[in-house]
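Q: First the structure, then my questions, so here it is.
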Amino acid sequence: MIVIKAARGNIIWIRISGKLTKEDYTDNVIPELERALERYKKIRMLLEVENFGGWTEGSVWQELKGWPQFSKVEQIAIVADESWDDWMTWMVKITGIFTGLVVRFCRKGRIEEAWDWLEMN
Numbered sequence: 000m001i002v003i004k005a006a007r008g009n010i011i012w013i014r015i016s017g018k019l020t021k022e023d024y025t026d027n028v029i030p031e032l033e034r035a036l037e038r039y040k041k042i043r044m045l046l047e048v049e050n051f052g053g054w055t056e057g058s059v060w061q062e063l064k065g066w067p068q069f070s071k072v073e074q075i076a077i078v079a080d081e082s083w084d085d086w087m088t089w090m091v092k093i094t095g096i097f098t099g100l101v102v103r104f105c106r107k108g109r110i111e112e113a114w115d116w117l118e119m120n
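One point on numbering: in numbering that gives the first Met the number 0, the residue at position 108 of the sequence shown is 107, and numbering is uninterrupted.
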């Protein structure tokens, strides 16, 4: 499930939990990002991950990368528990290499650190 929690300027806060579907992306995330792009030239995302259960068939990441406006996403901060450490280290490196997108990982409980990073950089 994806829930759009809040926005601060050009930063969209998205909470991810459970098992994600393609509809989570197409019905929730993309319309919110499109609305933000009507107001801002570039946007940033704060992804808070809790109890993540993977994806149903059809990868949300592939859908997001294929979104025509993906190049207008400047930065993504991901907040998750320590079980994500190894995966996030790998993802941050790969994402930067293939997309040029700047991604930062913060541990659960450090949401303000993620907000600060997105607002200051």
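Think of the CB as a built atom: it goes at the ideal place given N, C-alpha and C, for glycine as much as any other residue.
Measure the alpha-carbon distance for Ile11 versus Glu81 and round it to whole angstroms.
A: Along the sequence shown, one-based indexing puts residue 11 at 12. Along the sequence shown, one-based indexing puts residue 81 at 82. Answer to the nearest angstrom: the Cα atoms are 23 Å apart.
Q: Only counting the same chain, and skipping five residues up and downstream in sequence, which positions put a Cβ closer than 6 Å to that of Asp23?
A: In the sequence shown, counting from the first residue as 1, residue 23 sits at position 24. Taken in chain order, the residues that qualify are Ile1.
Q: What does the alpha-carbon distance come out to for the pair Val72 and Arg43?
A: By one-based count along the sequence shown, residue 72 stands at place 73. By one-based count along the sequence shown, residue 43 stands at place 44. For Val72 and Arg43, the distance between alpha carbons rounds to 6 Å.
Q: What separation, rounded to the nearest whole angstrom, lies between the Cα atoms of Phe139 and Arg106?
A: Only positions 0 to 120 of the chain appear in the structure, and residue 139 is not among them; the question remains open.
Q: I need the straight-line Cα distance from Lys41 to Ile3, nearest angstrom please.
A: The residue given as residue 41 occupies position 42 in the sequence shown. The residue given as residue 3 occupies position 4 in the sequence shown. Distance between the alpha carbons of Lys41 and Ile3: 18 Å.
Q: For Trp116 and Pro67, I'd like the C-alpha separation in whole angstroms.
A: One-based indexing of the sequence shown puts residue 116 at position 117. One-based indexing of the sequence shown puts residue 67 at position 68. Distance between the alpha carbons of Trp116 and Pro67: 26 Å.
Q: For the alpha helix (DSSP H) that Arg34 lies in, which residues bound it at each end?
A: Looking up residue 34 in the sequence shown gives position 35. First-last of the alpha helix (DSSP H) with Arg34: 29-38.
Q: Val101 and Gln74 look like a contact to me (Cβ under 8 Å); what is the Cβ gap, rounded to whole Å?
A: As a working note, residue 101 is residue 102 in the sequence shown. As a working note, residue 74 is residue 75 in the sequence shown. With a Cβ gap of about 5 Å, Val101 and Gln74 count as contacting.
Q: Measure the CB-CB distance between Ala76 and Leu45 and report whether it falls below 8 Å.
A: The residue labelled residue 76 in the question sits at position 77 within the sequence shown. The residue labelled residue 45 in the question sits at position 46 within the sequence shown. Yes.
Q: So which of Asp26, Ser70, Asn120, Glu118 has the shortest CA-CA distance to Thr98?
A: As a position in the sequence shown, residue 98 is number 99, starting the count at 1. The candidate whose alpha carbon is nearest that of Thr98 is Ser70.
Q: Taking the straight line between their C-alpha atoms, what separation do you get for Asn9 and Tyr39?
A: For the purposes of this step, residue 9 is identified with residue 10 of the sequence shown, where counting begins at 1. For the purposes of this step, residue 39 is identified with residue 40 of the sequence shown, where counting begins at 1. Between Asn9 and Tyr39, the C-alpha separation is close to 6 Å.
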